[in-house]
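Working notes, structure below.
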Amino acid sequence: MKKMTSAELRSAFLEFFRQRGHAVEPSSSLVPGNDPTLLFTNAGMVQFKDVFLGRDQRDFDKATTSQRCVRAGGKHNDLENVGYTARHHTFFEMLGNFSFGDYFKKEAIQYGWEFLTQVLDIPPEKLWITVFDEDAEAESIWLNEMKVDSARLSRIGAKDNFWSMGDVGPCGPCSEIFYDHGEHIPGGPPGSPDEDGDRYIEVWNLVFMQYDRAADGTLTPLPKPSVDTGMGLERIAAVSQGVHSNYEIDLFQNLLAAAAKLANTSDLNNSSLRVIADHIRSCAFLITDGVMPSNEGRGYVLRRIIRRAIRHGYRLGIQDAFFYKLVAPLADEMGEAYPELKQAQAQVERVLKKEEERFAETLEQGMKILETCVAKLEGSVIPGDTVFQLYDTYGFPVDLTADFARENNLTVDHAGFETAMSAQRDRARSASSFTADYDQNINHDGQTEFTGYTHLHDQAHIVGIYKKGELVDSLQAGEEGLLILDKTPFYAESGGQVGDCGQIVTDSAVFEVSDTQKQGGDLFLHKGKLISGTLSKDQLCDARVSAANRKATELNHSATHLLHAALRQVLGDHVSQKGSLVNPERLRFDFAHFEPMTADEISTIETLVNEQIRLNNPVSAQVMAKDDAVKAGAMALFGEKYGAEVRVLKIGDFSTELCGGTHVERAGDIGCFKIISETGVAAGVRRIEAVTGAGCLDWIASRDKTLTIIAGLLKSAPEKTAEKVEQLLEKTRALEKQLERLNSKLASSAGDELSNQAVEVAGIKVLAIKLEGIDPKTVKDMVDQLKNKLGSSAIVLAVVEGDKVSLTAGVSKDQIGRLKAGDLVNFVATQVGGKGGGRPDMAQAGGNNPAGLAAALAGVADWVQGQLG
């Protein structure tokens, strides 16, 4: 058996299939493009999903990839097993070969067997085969053509050996290849009672997409059967390198050594080191692909993985930020195969270091929540839902909660925590499905020729009419529908640019197009309403794009390219597009950046863009091979799919990007550019909104009018308005400080009078009263002053403003073991339509029913008496 490094295996696999006519396609992003059904790319076939479904046409019918995958959330979640088994990972590479109606079972089986037994020289007697128990064809190929010993072939039922894309759609039987790691490892062959052992490990899965499953379960043979295979690089590397655990292969050994050095340990088999080595791979590549730590969605999963790694660092005794230091050794290990990791290395390090620093704050926050919980605790068990909230919402590790409990003679409700965790896993599983949306799928053969780069109206034939998703022969006046033309000047929504609107006109009918969408790569769908007449299939029509809307959209689209280039020039190369919207009114551009832009940065960006507009360089588009375009410096945009040939859009020498949208002829056509807002939309993602052309002039005129009005109110010249406003603000701040001093004196004076109204209950002073003419901001100070004056006490002060009730409760420190301010304030709040909370000695609440206040305050003394017995 040949011993090969992971890099050699990856190259050998791709080259093997390249020599057999397969297109070698690059790994797609870990964020599935245009697929909301998946959290992460979790298999090699994900980027070809639309190809298998017939929605996307490629210029090849068989392909091979080494696909980066993550399984750490939703249905495909291996997170909790990572570090404790030999083969579970959050990140792994899937080697795959795919046939889209070209070859089928025989060739797929031959390729797999040839690669394993001839290229890798694995002895056939070390390999075990499984087939779907009803797939006699695959079984015959293995036994009669591959000459596999029947004693090493297992027939497996549909649960494990029949694959489907969802409840309906493409599906088919599987055949798997297992490797026997030897008698010294427990476990039996697949299909045996001991199959869960680690001796026989699946290395290659061949899926034969053979049927189309209907909603009633009926299986209809597909007209073009296809093949989807997958082999884990880490697993086959373990086989080739003669080791049992994936963590013993070269890919991991260098990472483990780097982590061990940071932890000052020599034990490379430590489970915490394995967690860290695995997690740096998923975290680094997720950030490279634009995912940022956050509290929801993909960012939430990333944050969990980061914090799990950091927690294991703490277990190893690492006190300072360390995780980000593993990005460099990872880039050394995998940067040649995935150069995007090398390019993003500095950015990944910054993100991880900042997240580590934030986690230190989380620990402090978690401790405060725990202390508050313990102060309110009845009994000695910290509830499972509290432990889960700390873990799930704040990322506070369960083991730290348990440590805190032990220090305070408490225990943790582990069963309750597990119940909450199970409920969360169920919610995650139910939210994750891998199904095709057939309701929105227009099953129409053919494609639309796009003429909109050079035409705003063109003659065409109506080749399809759909109403409510169903193919019809005609549309009547007043009916909404969807038209398909053989060619069209209407741009279909793509790359952030909205679809064109306009009219499709015949001799006797007018169809108002409200939107244009694209299905697959080349089918244009014109959505709208028939205003007059009757439309029928095969009619000749005049397709007329709204020139005003298209031109305004083009200004904003071209400005987006200039903006992107300017952002990278001013902020750095880490800036990458995370989404955009280009319509006739304005442009919106989302990009990766860690902090709000300063006023100077925004001004510099505007200056650069407007400078390019004034230079009036030509805007040119050229179709070329994708690889040539990237080598020429063209930037690919986030979330877009590109074929072998791409359209490269250049604006002078300032901007070069891949783009299929429509644009101005020269930069000067944009007229002017103005940023109107810069905000954060997610962790590490900023958003700029801007206007161009007439919209820019209108915006400036509106602002100028507003400035003139303000200057008039201030009785100042417009150019001196800022100076005048600053003077007013300084005066206002001085008056506010004076008011605070007066309110403080008033509160102190009122406190003397209020203390005389306290009553004695069970040995402490109780005061519950409504205040008149008091600023609610001063009430907390009044409560503190009253506690000092009254000694042992329980206090509730209420302020009413309109229909709003503000409540502040305080309990002296010597009484918080018997009374809690939060319980006291909630006793009153529930009677005035509200609720609240806070510390044991101070709590606040609000309500919206002032009518119930008097009775609620009158009941405070009795409530205190009941609490104190």
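Residue numbers (this note's numbering): 303 to 1171. All C-beta atoms in this analysis are idealised placements derived from N, C-alpha and C, irrespective of residue type, glycine included.
Task: Presumed contact (8 Å Cβ cut-off) between Ser882 and Asp892, rounded CB distance - done: The Cβ separation is near 7 Å, so the contact holds.
Open item on the list: With H, G and I counted as helix, E and B as strand and the rest as coil, what does DSSP make of Cys961?
Closed with: Coil.
- [ ] Compare the Cα-Cα distances from Val890 to each of Ser860, Gln914 and Arg916 and report the closest residue.
- [x] The sequence shown places Arg at residue 890, rather than the Val named in the question. The option with the nearest alpha carbon to Arg890 is Ser860.
Task: Under the three-state DSSP convention, the category Gly830 falls into - done: Assignment of Gly830 by DSSP, reduced to helix, strand and coil, places it in the strand class.
TODO: Under the assumption that Val676 contacts Leu654 (Cβ atoms under 8 Å), give the Cβ distance between them as a whole number of angstroms.
DONE: So it is not a contact: roughly 33 Å between Cβ atoms.
Task: Spatial distance of Arg312 from Gly398 (CA atoms) - done: So the alpha carbons of these two residues sit roughly 10 Å apart.
Task: Local Cβ density within 10 Å of Asn571, reported as buried at 16 or more and exposed below that - done: The residue is exposed, with fewer than 16 neighbouring Cβ atoms inside 10 Å.
- [ ] May I ask you to verify whether the stretch 991-998 touches the stretch 924-932, counting CB pairs closer than 8 Å and requiring at least 3?
- [x] In the pairwise beta carbon analysis, the stretch 991-998 is classified as not touching the stretch 924-932: fewer than three pairs are separated by under 8 Å.
Open item on the list: I'd like to confirm the pairing. Which residues does DSSP put opposite Met511 in its beta bridges?
Closed with: In the DSSP output, where bridge partners are listed per residue, Met511 has Ser528.
- [ ] Within the same chain, show all residues whose beta-carbon is closer than 6 Å to that of Glu536, passing over the 5 residues directly before and after it, in chain order.
- [x] Taken in chain order, the residues that qualify are Phe394 and Asn548.
Task: For Cys843, the first and last residue of its enclosing beta strand (DSSP E) - done: Judged by DSSP secondary structure, Cys843 falls within the beta strand (DSSP E) whose first and last residues are Leu842 to Val847.
Task: Nearest-angstrom Cα separation, counted from Asp469 out to Phe400 - done: Going by the C-alpha atoms only, they are around 22 Å apart.
Task: Residues near Val650 by beta carbon distance below 7 Å, same chain, minus five either side - done: Around Val650, the same chain offers Ala586, Ile589, Thr590 and Val629 as residues with beta carbons nearer than 7 Å, after the five sequence neighbours per side are excluded.
TODO: Kindly indicate which residue of Leu1016, Ile978, Glu814 and Pro685 has the alpha-carbon position closest to the one of Trp1001.
DONE: Of Leu1016, Ile978, Glu814 and Pro685, the residue nearest in Cα terms is Ile978.
Open item on the list: Quick check: the Cα distance between Pro475 and Glu327, rounded to an integer number of angstroms?
Closed with: Cα atoms of Pro475 and Glu327: separation of roughly 25 Å, rounded to the nearest angstrom.
- [ ] Label Gln1167 either buried or exposed according to how many other C-beta atoms from any shown protein chain fall within 10 Å of its C-beta, with 16 as the threshold for buried.
- [x] Under this definition Gln1167 is an exposed residue.
TODO: Check Pro523 in the structure and name its three-state DSSP category.
DONE: Strand.
Task: The beta strand (DSSP E) enclosing Ala438, as first and last residue numbers - done: First-last for Ala438: Ala438 to Ser442, but that is the alpha helix (DSSP H), not the beta strand (DSSP E).
TODO: On the DSSP bridge assignment, give the partners of Thr367 in chain order.
DONE: Bridge partners of Thr367: Gly398.
- [ ] Please look up how many angstroms separate the CB atoms of Arg949 and Ala923, rounded, as I've assumed it's under 8 Å.
- [x] Contact flag correct, Cβ pair sits at about 6 Å.
Open item on the list: For Val1177 and Gln1029, what's the separation of their Cα atoms in angstroms?
Closed with: The shown model of the chain, from 303 to 1171, leaves out residue 1177, and the question about it has no answer.
Open item on the list: Relative to the C-alpha of Gln543, which candidate in Pro472, His716 and Ala309 has its C-alpha closest?
Closed with: Of Pro472, His716 and Ala309, the residue nearest in Cα terms is Ala309.
Task: DSSP beta-bridge partners of Val815 - done: Gly804 and Gly830, per the DSSP bridge assignment.
Task: Simplified DSSP assignment, three categories, for Ser574 - done: Of the three classes helix, strand and coil, the one that applies to Ser574 here is helix, per DSSP.
Task: Neighbourhood of Met306 by C-beta distance below 8 Å, restricted to the same chain and skipping five residues each side - done: Only Ala314, Leu422, Ala539, Ser542 and Gln543 meet the Cβ criterion.
- [ ] Starting from Leu1099, trace the beta strand (DSSP E) both ways and give me its first and last residue.
- [x] Its beta strand (DSSP E) spans residues Ser1095 to Glu1103.
Open item on the list: Given this structure, state the Cα-to-Cα distance separating Pro595 from Ala611, to the nearest angstrom.
Closed with: Distance between the alpha carbons of Pro595 and Ala611: 14 Å.
Task: Proximity of Lys1082 and Ala1100 at Cβ, strictly below 8 Å - done: No; because the gap between Cβ atoms is not below 8 Å, this pair is not in contact.
Open item on the list: Under 8 Å, with one C-beta from each stretch per pair, do the stretch 905-921 and the stretch 629-644 reach the 3-pair mark?
Closed with: Verdict: no, contact absent.
- [ ] With DSSP as the reference, label Leu1073 as helix, strand or coil.
- [x] DSSP places Leu1073 in strand when its eight states are reduced to three.
Open item on the list: My output table needs one value for Pro475: the three-state DSSP class, helix, strand or coil.
Closed with: Collapsing the DSSP output to three states places Pro475 in a strand.
TODO: Could you tell me if Tyr740 is buried or exposed, where buried requires 16 or more neighbouring beta carbons within 10 angstroms of its beta carbon?
DONE: Confidence at Tyr740 is low in this model, with a pLDDT of 30, below 50, so its placement is unreliable and the value that follows should be read with caution. Counting Cβ neighbours within 10 Å, Tyr740 comes out exposed, since fewer than 16 surround it.
Task: Close Cβ partners of Ile833 (< 6 Å) along its chain, the five nearest in sequence each way excluded - done: Answer for Ile833: Val812 and Glu814, listed in chain order.
Open item on the list: Let's test the definition: count the other Cβ atoms within 10 Å of the Cβ of Lys407 and tell me whether it reaches 16, buried, or not, exposed.
Closed with: Burial check for Lys407: the Cβ neighbour count within 10 Å reaches 16 or more, so the residue is buried.
TODO: For the alpha helix (DSSP H) containing Ala516, list its first residue and its last residue.
DONE: Unbroken run through Ala516: none, as it is neither H nor E.
- [ ] Might you give, ordered along the chain, the residues of its own chain that have their beta carbon closer than 6 Å to the beta carbon of Thr808, omitting 5 neighbours on each side?
- [x] Answer for Thr808: Gln841 and Cys843, listed in chain order.
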